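The block underneath contains the structure these notes are about, expressed in structure tokens.
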Amino acid sequence: MNIKNQTILVTGANGGIGKALVNAFLAAGAAKIYACARDITSLDVLPVDGRISLLKLDICNTASIEKAAVAARDLTLLVNNAGTGGAGLLGSQQIARREMEVNYFGTHAMCTTFAPILGKNGGGCIVNIISVIGLVNMPSIGTYCASKAALHSLTQGMRGALSGQKTAVVGVYPGPVDTRMTDGLAMAKASPESVAEEILTGLTAGLEEIYPDSFAQKIHEGLLATPREVEREMARY
Ligand SMILES: NC(=O)c1ccc[n+]([C@@H]2O[C@H](COP(=O)([O-])OP(=O)(O)OC[C@H]3O[C@@H](n4cnc5c(N)ncnc54)[C@H](OP(=O)(O)O)[C@@H]3O)[C@@H](O)[C@H]2O)c1
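Going by this note's numbering, the sequence shown runs without a break in its numbering and finishes at 238.
Shown next, in the form of structure tokens:
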């Protein structure tokens with residue numbers, strides 16, 4: 002895919018990876034970006050650029066999604082970046098439900114609402130920001146992993162279901178990234194800027210799965226070679 006001339010929507014554009022993606026898309030020559038957030042005033046972290054349109058969007062609210070779909074009828078690239086985490090595996094079920102609500106159902110609603118628009122505009126592309134721990138469970142944040150595993154499965158299904166309308170569906174599987182979501186996590190973290198750059202490189206190369214940092218690449222390779230060993234290793238975090 003050529004990023005130049007794409008009309009892109011990024012959910013959670015006020016967050017760490019979302020903001021870095023908007024900046025990377027601008028630098029790569031995107032034609033137009035719908036930068037979305039639940040609280041539109043939080044988008045003041047983005048640069049002033051005539052190609053950015055700010056949209057209020059809560060991916061767990063049907064009316065909000067439908068409003069965004071009316072505004073972004075010219076969309077060619079949907080980036081489902083919004084996500085949430087917080088529960089330990091044996092923690093609050095309320096938080097676990099919230100993770101599923103945002104990471105799985107919210108992203109599902111975005112895909113189903115925008116797929117016909119992308120189809121009308123020639124096919125385009127959906128990018129889902131998943132996580133490498135959607136491929137193997139890290140028990141300390143096990144319910145988050147389960148919600149991302151559901152999103153991984155959804156991404157595979159969407160790829161098959163939308164191939165007929167020529168919509169590419171890409172899964173992104175980062176390891177730990179230095180954003181608000183990982184505040185207090187004592188692990189080496191990639192910068193959101195380097196992750197965004199790797200995502201753009203992967204999109205330009207036409208990859209269907211993108212592992213944008215060294216932690217993610219190592220886990221992915223381990224899962225192909227010795228999956229049980231990786232599972233045991235993740236239980237140590
Ligand atoms: N950081 C990591 O280590 C890491 C690793 C792998 C994958 N990821 C994934 O990367 C994505 C971006 O996360 P991040 O690391 O950049 O964290 P972040 O800075 O906390 O950003 C999360 C974003 O999601 C938004 N969001 C949450 N619920 C939403 C909803 N219902 N509707 C619309 N937006 C909503 C947040 O908006 P508010 O400001 O309104 O809450 C925020 O903009 C997430 O999907 C996350 O799971 C992160």
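Ideal Cβ placement from N, Cα and C applies to all residues, glycine included.
Because the structure is a prediction, the values reported are computed rather than measured.
8 Å contact criterion, which residue i and residue j should meet: CB distance rounded
| i | j | result |
| --- | --- | --- |
| ILE66 | THR114 | 5 Å |
| VAL178 | PRO193 | 6 Å |
| ILE34 | ILE53 | 5 Å |
| HIS153 | ILE131 | 5 Å |
| ARG181 | GLY17 | 6 Å |
| ILE211 | GLY223 | No, ILE211 and GLY223 are not in contact; Cβ-Cβ is about 17 Å, not under 8 Å. |
Pairwise C-alpha distance: residue j and residue i
| i | j | result |
| --- | --- | --- |
| GLU198 | LEU22 | 8 Å |
| ALA187 | PRO117 | 42 Å |
| GLN166 | GLY92 | 41 Å |
| HIS109 | LEU155 | 8 Å |
| THR85 | VAL103 | 7 Å |
| GLU230 | CYS146 | 18 Å |
| CYS112 | ILE127 | 8 Å |
| ALA29 | GLY87 | 33 Å |
| SER43 | ALA226 | 43 Å |
| LYS149 | ALA32 | 30 Å |
Cβ neighbour criterion (16 or more within 10 Å) applied to residue i
| i | result |
| --- | --- |
| PRO228 | exposed |
| VAL137 | buried |
| ASP75 | exposed |
| SER7 | What sits at residue 7 in the sequence shown is Gln, not Ser. When all chains shown are included, GLN7 counts as buried. |
| THR205 | exposed |
| TYR238 | exposed |
| ASP214 | buried |
| LYS5 | exposed |
| THR63 | exposed |
| LYS121 | exposed |
The beta strand (DSSP E) enclosing residue i, as first and last residue numbers
| i | result |
| --- | --- |
| THR156 | Taken as a continuous stretch (DSSP letters only), THR156 belongs to no beta strand (DSSP E), being part of the alpha helix (DSSP H) at 143–162. |
| LYS57 | 53–57 |
| LEU224 | Segment 215–226 is the alpha helix (DSSP H) holding LEU224; no beta strand (DSSP E) there. |
| ALA38 | 33–38 |
| ILE1 | No answer is possible for residue 1: the residues shown for the chain start at 2 and end at 238. |
| THR8 | 8–11 |
| VAL80 | 78–81 |
| GLY172 | 169–173 |
Residue span of the alpha helix (DSSP H) that contains residue i, given as start and end
| i | result |
| --- | --- |
| THR114 | 108–121 |
| ALA21 | 17–28 |
| ILE200 | 193–206 |
| THR63 | 63–72 |
| ILE96 | 94–100 |
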